[in-house]
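Enquirer: Quick one: the structure is below, questions incoming.
Numbering (our numbering), first residue to last: 25 to 167.
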């Protein structure tokens, strides 16, 4: 299955922030959108980075509560792993495992087209396994 197929199922909406967004506003956005990470979009529409709950927790531990009023640009991951709509979910699974990341933006012609989380990958795999099981049970019951 390709990333494009998964995006058609789940949708292509992506929660984003700007580099100037405060960490406090980021946290509100994460909670409001019920997501674990947000893509940081530069004024020209390019991806400037990605920031997750994990980034906030780690930096908060290092720098204290003053971090909350600072900009997201100070804590975001700037080197963002991405994928394209024609990539396979298996390829993405390997990327996520090797880099130990949970959220990967989908880029189409250099523009943000969606985001895939590790939860999306796992859900897709479970659906595939259930479908295979149903097919095997049908085959066995037909004799």
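From the three backbone atoms N, C-alpha and C, an ideal C-beta is built for every residue, glycine too.
Here the structure is a predicted model, which means the values were calculated and not measured.
Would you mind stating whether residue 123 and residue 142 have Cβ atoms separated by less than 7 Å?
Expert: no
Enquirer: Of the residues 76, 69, 68, 25, which one's Cα is nearest the Cα of residue 48?
Expert: 76
Enquirer: Mind checking residue 164: buried by the 16 CB within 10 Å criterion, or exposed?
Expert: exposed
Enquirer: Nearest-angstrom Cα distance between residue 108 and residue 136?
Expert: Distance between the alpha carbons of residue 108 and residue 136: 10 Å.
Enquirer: Rounded to whole angstroms, what's the CA-CA distance from residue 144 to residue 90? Just pull it up for me.
Expert: 34 Å
Enquirer: Judging by CA-CA distance, which residue of 99, 26, 53 is the nearest neighbour of residue 72?
Expert: Of the listed residues, the one whose Cα sits closest to residue 72 is 99.
Enquirer: Exposed or buried, which one is residue 150 when buried takes at least 16 other CB atoms within 10 Å?
Expert: exposed
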